[in-house]
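Okay, so here's the structure we're looking at.
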Amino acid sequence: MNTIFRKSMLSVAGLAFAGGVFAGPIAAHAATPVDAKPVAVAVQAPKPQGEQSHIGLNDEQTANVKAIIAAAKKAGLPERAAVISIATSLQESKLENLGHLGDMNDHDSLGLFQQRPSSGWGTPEQITDPEYSTTAFLKGLKQVDGWQDMALTDAAQTVQVSAYPDAYAQWEQQATDLVGQHWNS
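Positions in the sequence shown are counted from 1; adding 31 to them yields the working numbering.
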């Protein structure tokens with residue numbers, strides 16, 4: 032065989048192979064029925080960091096969980112925002128809407144998130160309103176670039192600026208469970 036003929040044959044074979052590689056997936060999809068149902072893909076939540084803590088909740092605390100979830104939904108945010116919010120509140124107040132703590136409190140921190148009027152979070156009345164305080168927390172969270180993909184404790188700490196930045200992580204599993212239990216209720 033001469034060289035030109037051999038090169039031509041290899042080129043044709045190469046084109047046929049390449050066409051099969053590229054057309055194969057297209058041809059496979061062409062055989063898919065039009066009424067095919069999409070396949071659900073499970074999205075795995077990030078694995079909680081470190082030792083996990085858990086507390087039993089009373090009716091007031093459960094109502095505060097529901098208020099946090101409602102505020103996240105109202106803000107159009109995903110379940111992850113509610114998980115971060117609930118974990119933060121578990122750390123800051125054990126989901127109790129705390130008023131002024133007197134001598135037990137070295138600052139003017141109030142409410143579910145221990146927000147401070149003197150730091151611009153709102154008035155004492157606003158901060159002790161679960162919807163308002165959660166909305167204020169979520170507003171801060173939305174300003175954190177990449178919060179959706181951050182470790183929970185990093186996202187919470189960026190908003191809260193706590194003296195104990197790693198403490199939020201211990202509540203991630205309980206917060207995840209609470210969101211799973213109450214998101215659709």
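Don't be surprised by glycine CBs; every beta carbon is placed ideally from N, CA and C.
Run through DSSP, which three-state label would Gln212 get? Correct three-state label for Gln212: helix.
Select from Thr184, Leu126, Ala194 the residue whose C-alpha is nearest the C-alpha of Ser164. Among Thr184, Leu126, Ala194, the Cα nearest to that of Ser164 is on Leu126.
Gln146 in three-state terms, based on DSSP: The DSSP-derived three-state label of Gln146 is strand.
Going along the chain, which unbroken runs of the alpha helix (DSSP H) with 4 or more residues stay wholly within the region 97 to 125? Listed in chain order, the complete alpha helix (DSSP H) runs (minimum 4 residues) inside the region 97 to 125 are 110 to 124.
Please check the pair Ala206 and Ala118, which I expect to be a contact at CB under 8 Å, by giving their CB distance rounded to whole angstroms. Ala206 to Ala118, Cβ: 4 Å. Contact.
Cβ pair count under 8 Å reaching 3, the region 95 to 114 against the region 149 to 165: Touching, yes, given that three or more Cβ pairs across the two stretches are closer than 8 Å.
Give every residue of the same chain whose Cβ lies closer than 7 Å to the Cβ of Asp208, excluding the five residues on either side of it in the sequence, and list them in chain order. Cβ within range, chain order: n/a, list empty.
Could you work out which residue in Ser116, Ser193, Asn128 is closest to Asp90 when comparing CA atoms only? Minimum Cα distance to Asp90 is reached at Asn128.
Determine the DSSP secondary structure at Thr129, reduced to helix, strand or coil. Reading off the sequence shown, one finds Leu at residue 129, where the question assumed Thr. Here Leu129 sits in strand by DSSP.
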